[in-house]
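Counting from 36, one number per residue, gives the positions in the sequence shown under my numbering. In what follows, a single structure is set out as structure tokens and then discussed.
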Amino acid sequence: MAAVILNRIHNPSFPNTLAGVIYQPGAFSCLNDGGINAAVADTAYKAARAAINGWDPSGGAIYYYNPAKSTSKWIFSRPVPTVIGDHRFCS
């Protein structure tokens with residue numbers, strides 16, 4: 036997710052700040068379901084640091100989703116070049 040957020044900051048279709056991307060209405064379900072308040076795992080900190088340092092396992096994706104949880108027909112129409120665990124990454 037960290038790489039997707041940074042990719043969005045650099046994409047003209049999205050806000051150009053970290054807060055702007057994260058708090059864009061409807062952008063991330065964790066803002067709606069309270070997940071943003073969950074404890075942060077060490078692996079999440081490592082992933083964020085790696086993304087800041089240029090690592091992008093998403094392949095430049097600006098969207099990601101878990102097909103077992105997502106209900107958006109639109110997101111299912113996007114090409115999926117990268118799969119990491121349960122998540123699909125797309126542009």
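Cβ coordinates follow ideal geometry from the N, Cα and C atoms, glycine included. What you are looking at is a predicted structure, and each value in this text was computed from that prediction instead of being measured.
Identify the continuous beta strand (DSSP E) that holds residue i and give its terminal residues.
{"i": "residue 56", "result": "Not the beta strand (DSSP E): residue 56 falls in the alpha helix (DSSP H), residues 53 to 57."}
Just to confirm the assignment, what range does the alpha helix (DSSP H) spanning residue i have?
{"i": "residue 78", "result": "77 to 87"}
{"i": "residue 63", "result": "Counting along the chain, residue 63 falls outside any alpha helix (DSSP H), and DSSP gives it neither H nor E."}
{"i": "residue 43", "result": "37 to 44"}
{"i": "residue 108", "result": "108 to 111"}
Check the DSSP bridge columns for residue i and list the partner residues they point to.
{"i": "residue 118", "result": "123"}
Grab me the residues of residue i's own chain with a C-beta within less than 6 Å of its C-beta, minus the 5 sequence neighbours each way, in chain order.
{"i": "residue 100", "result": "110, 123"}
{"i": "residue 126", "result": "96, 97"}
{"i": "residue 91", "result": "38"}
{"i": "residue 94", "result": "116, 117"}
Here's a check: name, in chain order, each residue in its chain whose Cβ is nearer than 8 Å to the Cβ of residue i, leaving out the five neighbours to either side.
{"i": "residue 56", "result": "40, 43, 44, 49, 50, 62"}
{"i": "residue 87", "result": "37, 41"}
For residue i, which residues in the same chain have their Cβ closer than 7 Å to its Cβ, ignoring the five residues on either side in sequence?
{"i": "residue 121", "result": "101, 103"}
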